[in-house]
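Chains as they are written, first to last, in the working numbering: chain X, -4 to 108; chain W, 14 to 127.
Where is the CB? At the ideal position from N, CA and C, for every residue including glycine.
See structure below.
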Amino acid sequence: ELKVEQNPLFLSMQEGKNYTIYCNYSTTSDRLYWYRQDPGKSLESLFVLLSNGAVKQEGRLMASLDTKARLSTLHITAAVHDLSATYFCAVTAQETSGSRLTFGEGTQLTVNP
Amino acid sequence: ETGVTQSPTHLIKTRGQQVTLRCSSQSGHNTVSWYQQALGQGPQFIFQYYREEENGRGNFPPRFSGLQFPNYSSELNVNALELDDSALYLCASSLFGRLTDTQYFGPGTRLTVL
């Protein structure tokens, strides 16, 4: 059974600081996704990472993937209040049909002024 | 381009009742997946529909069933509702076979079972 673990689960940080969210998964996966969810809202797609060493950046967020370590990171640079949200990583398992996403528990990020 | 839409937005039911949730996929997409998100948790995969047939199912009992229509819209039906069925139900659409196959989520239906 594919398992996805994120840490930390809760993160409170000051504006202007840097931090990293970690996502570990248990079996071989061919795709890894990062989503953002604001309170009471749906999921917004941020990144999709397909291969070992993949790195993608959008604004103050940068995601990377190490398939050998089964690890993805989401790095936040110079955080601003607007980044406050819950961030989920999700993976698809190669052995399953279709594109079933298995999600982590989420990291609730609060950026304080 | 039209995004993923879901109806209703909110729903309150009592134990034992039945409910139908609806989803319209994003324009150009042919696959619909349904997820259940309990409060404070990550979404859990219920099932996926492609070409009007179930294409994968998570650990949910048979009282969770679905349909996909020729226009790629979909329904999620839940019979004999239980208190634990209270959750946000998310529908996601994607284009099957595309390399990235990113799933785009709708706004969700908040179901409360009393």
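- Query: Three or more C-beta pairs closer than 8 Å, one from the stretch 14 to 29 of chain W and one from the stretch 38 to 54 of chain X: is that the case here?
  - Reply: Judged by Cβ distances under 8 Å, the stretch 14 to 29 of chain W makes no contact with the stretch 38 to 54 of chain X, as fewer than three pairs qualify.
- Answer with yes or no whether the minimum CB distance from Asp98(W) to chain X is below 7 Å. Indexing the second sequence from 1 puts residue 98(W) at position 85. Closer than 7 Å: no.
- Compare the C-beta of Thr122(W) against all C-beta atoms of chain X and say whether one is closer than 7 Å. Counted from its first residue, the second sequence places residue 122(W) at position 109. Chain X contact via Cβ: absent.
- In terms of alpha-carbon separation, which member of Ser7(X), Gly11(X), Trp29(X) lies closest to Glu0(X)? The sequence position of residue 0(X) within the first sequence is 5, counting from 1. Glu0(X) has its Cα closest to that of Trp29(X), out of Ser7(X), Gly11(X), Trp29(X).
- Message: Per the DSSP calculation, Arg70(W) is bridged to which residue(s)?
- Response: Within the second sequence, the letter at position 57 stands for residue 70(W). Note: Arg70(W) sits in a beta bridge opposite Phe60(W).
- Task: For chain X, find out if any of its Cβ atoms is closer than 7 Å to the Cβ of Gly79(W); answer yes or no.
- Result: Along the second sequence, read from residue 1 onward, the residue named residue 79(W) stands at position 66. It does not; no Cβ of chain X falls within 7 Å.
- With 7 Å as the threshold, decide whether the Cβ of Pro56(W) is near any Cβ in chain X. Counting from 1 along the second sequence, the entry for residue 56(W) is found at position 43. With 7 Å as the cut-off, Pro56(W) counts as an interface residue toward chain X.
- Message: Please state whether the Cβ-Cβ distance between Cys104(W) and Gln19(W) is less than 7 Å.
- Response: By one-based count along the second sequence, residue 104(W) stands at place 91. By one-based count along the second sequence, residue 19(W) stands at place 6. Yes; because the gap between Cβ atoms is below 7 Å, this pair is in contact.
- For chain X, find out if any of its Cβ atoms is closer than 7 Å to the Cβ of Phe118(W); answer yes or no. To locate residue 118(W), count along the second sequence from 1; it is residue 105. True, the Cβ-Cβ gap to chain X drops below 7 Å.
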